[in-house]
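For reference, the structure discussed in these notes is given below.
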Amino acid sequence: MTLKRTSLVAGAAIGLAIANAALFAPSASAAGNTWIRSSTTGYCITAAPNGSVSGQTCRSGDLSQLWARVGSQIKRAYANQCLDSNANGNVYWLECNGGNYQNWDYQASGQYLLAKNRQTGNWLYNIPNSTTVIATSRTADYWWFSGGE
């Protein structure tokens, strides 16, 4: 009887451990907090308190420059705020709402990614010799999602 009870308790403990591991495991589609660095300018996408974004010199540990790719969203580190765009090509951040303007599709090119807004079809781009970040149909920028923390 003792062996049977011990086996049942052990089995329940193992089952609970597996369930907890599955429940609290990080998403396979989530990438860690990183810079989003333009291959064109070398600048990192930087969030301003007013919701705007710009390309700025990359600064290690600067929370305004840390982003995480979570599925098709690009979220500010430690916040529920997503990189967003609109039909006019403006790029900014807003509270994540699940809309397609906050969804980005990626195309790999070596160590870089191209990021295309799912709703508009426009490419994320940092204008050369400028801090302006836009979404445009005319050209694309290669982005490096790495470093920063």
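Taking mature numbering (1 follows the signal peptide of the UniProt record, and there is no 0), I'd label the letters of the sequence shown as residues -30 to -1, 1 to 119. Yeah, the Cβ is synthetic: ideal placement off N, Cα and C, and Gly gets one too.
Residue state for Y71 is assigned as helix, using DSSP reduced to three classes.
Where W37 is concerned, the enclosing beta strand (DSSP E) starts and stops at 37 to 40. The count of Cβ pairs closer than 8 Å, one atom from the stretch 98 to 112 and one from the stretch 57 to 66, reaches three, so the stretches are in contact. The alpha carbon of K86 has as its nearest neighbour, out of F115, Y13, S55, R7, the alpha carbon of S55.
Between the beta-carbon of T10 and that of N96 there is about 6 Å, and that keeps the pair under the 8 Å contact cut. Look at the beta carbons and you see the stretch 36 to 43 touching the stretch 65 to 77: at least three pairs across the two are nearer than 8 Å.
Contact between W113 and L83 holds: their C-beta atoms lie close to 5 Å from each other, under 8 Å. Using a Cβ distance threshold of 9 Å, D111 and S8 count as a contacting pair. The C-beta distance from T4 to L36 rounds to 7 Å, short enough to fall under 8 Å. Restricting attention to S116, P19, T109, the CA atom closest to the CA of W93 is found in T109.
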